[in-house]
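What follows is a set of notes on a single structure, which appears directly below.
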């Protein structure tokens, strides 16, 4: 064995830089990848030279790209497509091909080869998927049509980009293409997709079932198997003359839900996320910054501005144009365009592959990296403008499919609230005490028996139709975690929980994670009130609202004492929502309260 | 960027080989590492040449060693030491130094350099820690004194080996040592331990607290930070002239429980386990096999047999000899010796470092690898002999500290069982329904309010004193998972659960994972009986046992009808245990049953 030392200081420094870069940029609302690229440019060989591109960084980033592509594939959920497949397809096609065509001709006009033009074209065409949901939550867009179109659009756009990319890499190495070669290449590509789809749809599910039933059923086994399948798919892609990232992407698409059983998929996903997003992918993005030549600002400023401009204008206008047949209006089209304007992981990976294969030079590579940075910078700003514009015009369309109410915990208070909601909305309760479940069912409620922290149990409640979740068990932590699950896994927009500790002790980040609102002031009150309801010491009353007023202000003004518990707000159409201190009460609404009578 | 391709096929093949090797060897009861080494020898360059030692395999194994050492450090729990620190120390010292001295003089006598002698001596001295608990469970030794001594002994022995190793690597590169150099080296080592301990005890907890309170509190952040701290510690070790694995080991010792909060430590541990044990460490062990020269069986068979023989005899006899002052008897000493005879991860890592530094040659390296394989092969065989021997002589000492009973779920049946147990043992109940908790407390039981799937809640029950857990909620999955947690995290020896599905549907592997026994025949019965107890339709009766008989056979013979529910077995000292079909009833014992009276 030859003496071999990995440069540990350099790995530590790269990881620390990635972490700090990601942290700082997230503080101002941008995705971590941006900070990682920037810190790589600043601390790497291109500027300060603190960080080195060593062998171990090379290996880690190459494997990091593969794991990242698996993760991107795993994150794609074809169910997302269903709700907005037609407008999503329009947005994706317009947002991809318009900048694609503009990018191609610009490069060729500037004297680039057709193949480098195609690389740049793809890089300009893609849309970043990973950063979407964060921004959607921040801008409170989760339940709007825009959100569904953006998710479907980004998904289709990335898949499109990767399929076209799979064709291009095959031609990259030959300049003259005969009909015969074309046939060979096409059949190779078809064979790749045929084999990976067949293995993914038929072999992996059977392997998964076999392993789940055998004694080796533990999530580490599945972790190892995921890696084996991934590297196997990568090798298949290379055998078909394509880049290994395509294999990784296909592996990601098929691994989730096929190979491994539902009960381990969450912790597996977490472990995979930690390794890729928490370790290797940041190494890749920092090291991508190493190859950026900052002098392009001096030498090729014109081309840089042109490419960035075309990327932005092409994406937004292209999306809006192709979006017209959806009949959702050109303003919504522009909004979708601003939302899809970011370039992220896939763009940087494609640019890096182009540089590695010698298809694009360092100048073009640097321009593409800066283009990714600039376009991503525009997203929160432009998207917040356009959505506010739509909101003001009353054109922000909410998806109204969700109208169900899910209540966790059967107790006197929750049954009382359920009765109110049941007037207008379907209500489901959930509890893990069989006796209480029976009790709720006897009162005519749909009630699920099971542990609400188990995703499979939650899935029984048709969570895709739930608009409002109320966690009303005595255990605040259970309420919070169930809320987090419903928010994260099933995108339930309204999460309301009763907690046993004071709000300050729970911490903002926990609430933010589940997007939860706290019900009542403290759960001591809740237990008391439940007791009072059981012993018929409570009457129900309501107060009409005359002027728009914040809920907490209203409580102070009306002198609501401890003898009252405001629980619901009813609007003029009879729709209910839970009362909480941050709400805004409007004229015509009623606050429904419990009042102690003894 | 230079063109750079990682050989993906080779990575896939190495991982697949590691997986298959580990799988096959585990089927016959040995630790995965053995199969990984063997498959590396067979499929690698030493024999068939299917697998290659590429750059990426190099990087992955080097990082794999580091992550593995962190994991080994994280697994060390100083609480394990408390119960057997004195006998454990004796066993560790004897088991380490006797083979150490024998190994050193053998190598020097065979013409090796003193420094190579020291390397071999350490490799022979170490004890494998990772494989212990599995074997202890298989041989049903978990609650014996042997188990505690083995765990404490292996822990001390590994720490000892690494501390001595940290001294040796410093001297490895200089042959002549002056007093001045000696002082410099010693102060470097002291400085390393000083700095790492100071940072670990003071800085990391503060950093952890800061992060937990901040908004960046998520487990992926902690995963990244663990890696940064790890590589930082590795760099410190290298600055002090030691090998980076020592830094990784120290990082592991301090990271757990210091840097990150309890609530994320479980999923972090899991992610870390997946990456190290499920990905990189197997790559390392397979690749360690690549450097084995199988011709040593022809060329150096004598030395191979001598070293292996000394390792086995030295370890067993050395342990037994030094164990005498513990006054636990020489037979227990020999048993401990056979249990500590395995060599595992640490030995292979040390041998590989020695080979990499050129201190030992390929022949000695190969001998050390085969020694690790042979000694590990002896453990289950010899330990099962010696423990059976002790068992037959009645000298297998059980640790009697544990005598608590923990019952999950407050209901009529569990309260009835609790009353029986409470005659002789401390009983704790646990439930997440506050009303039921109050009810149990009113009846005089210690009862914890909370979610039993939360380790922090379980920790409140002093699980280290619990000998018996009964899961009696209506939710069989909750019972099973709580049992699994108590078994895995707190080593509770007796796990009994009531389940709602038929036993066949739960599957053996789930039961094995938690080492659980199923109570009663099905939970439908349990709910019925709870109902009957509430409505006073039940009387309690008991049946005396005359001859030794299997419990299920006894049930058939006595014609126990559905009107009876055997719940407990009472021995002649009045100690209770739960009744279950696989138990063996002895003369003088009584079966306590519920009988339906209406």
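Residue numbers (this note's numbering), protein chains in the order written: chain A, 650 to 1247; chain B, 650 to 1247. Glycine included, each C-beta is placed from N, C-alpha and C at the ideal position.
If we count the other Cβ atoms within 10 Å of its Cβ and call it buried at 16 or more, is residue i buried or exposed?
i                       : result
residue 943 of chain B  : exposed
residue 1232 of chain A : buried
residue 812 of chain A  : exposed
residue 668 of chain B  : buried
residue 1243 of chain B : buried
residue 884 of chain A  : buried
residue 774 of chain B  : buried
residue 979 of chain B  : exposed
residue 895 of chain A  : buried
residue 974 of chain B  : exposed
residue 1235 of chain A : exposed
Which of the three DSSP states is assigned to residue i in this structure?
i                       : result
residue 663 of chain A  : helix
residue 1092 of chain B : coil
residue 1102 of chain B : coil
residue 1231 of chain B : coil
residue 994 of chain A  : helix
residue 841 of chain B  : helix
residue 1239 of chain A : strand
residue 1199 of chain B : strand
residue 674 of chain A  : helix
residue 775 of chain A  : coil
residue 1244 of chain A : strand
residue 1054 of chain B : strand
residue 1172 of chain A : Per-residue confidence for residue 1172 of chain A stands at a pLDDT of 47, beneath the threshold of 50, marking its modelled position as unreliable; no derived number is given.
Which chain C residues are close to residue i, counting only those with a beta carbon under 8 Å from its beta carbon?
i                      : result
residue 884 of chain A : Absence of chain C from the displayed structure is noted, the protein chains being A and B.
Please name the residue in the options whose C-alpha comes closest to that of residue i.
i                       : options                       : result
residue 946 of chain B  : B/1003, B/1020, B/829         : B/1020
residue 805 of chain B  : B/1201, B/843, B/968, B/1076  : B/968
residue 1168 of chain B : B/1034, B/1176, B/917, B/1146 : B/1146
residue 682 of chain B  : B/716, B/934, B/775           : B/934
residue 1076 of chain B : B/1042, B/709, B/1119, B/1139 : B/1119
residue 1038 of chain B : B/1064, B/985, B/1012         : B/985
residue 739 of chain B  : B/1188, B/970, B/1088         : B/970
residue 881 of chain A  : A/853, A/679, A/859           : A/853
residue 1187 of chain A : A/1209, A/1194, A/1213        : A/1213
residue 850 of chain B  : B/888, B/1030, B/905          : B/905
residue 1018 of chain B : B/666, B/664, B/689           : B/689
residue 857 of chain B  : B/845, B/875, B/844           : B/875
residue 715 of chain B  : A/660, A/788, A/1190, A/1203  : A/660
residue 694 of chain A  : A/940, A/927, A/743           : A/940
residue 1166 of chain B : B/1116, B/1229, B/1206        : B/1229
residue 802 of chain A  : A/1080, A/735, A/1177         : A/735
Please state whether the Cβ-Cβ distance between residue i and residue j is less than 7 Å.
i                       : j                       : result
residue 671 of chain B  : residue 684 of chain B  : yes
residue 1009 of chain A : residue 892 of chain A  : no
residue 662 of chain B  : residue 709 of chain B  : no
residue 1057 of chain A : residue 1131 of chain A : yes
residue 792 of chain B  : residue 1047 of chain B : yes
residue 1194 of chain B : residue 1238 of chain B : yes
residue 1094 of chain A : residue 1083 of chain A : no
Looking at the unbroken beta strand (DSSP E) that takes in residue i, where does it start and where does it end?
i                       : result
residue 1143 of chain B : 1143 to 1146
residue 789 of chain A  : Taken as a continuous stretch (DSSP letters only), residue 789 of chain A belongs to no beta strand (DSSP E), as it is neither H nor E.
residue 1219 of chain B : 1213 to 1219
residue 1080 of chain B : 1076 to 1080
residue 1254 of chain A : Because chain A here runs from 650 to 1247, residue 1254 of chain A falls outside it and cannot be looked at.
residue 1165 of chain A : 1165 to 1167
residue 1118 of chain A : 1115 to 1120
Under DSSP, the alpha helix (DSSP H) around residue i begins and ends at which residues?
i                       : result
residue 969 of chain A  : 950 to 972
residue 1072 of chain A : It is not in any alpha helix (DSSP H) - residue 1072 of chain A carries neither H nor E in the DSSP assignment.
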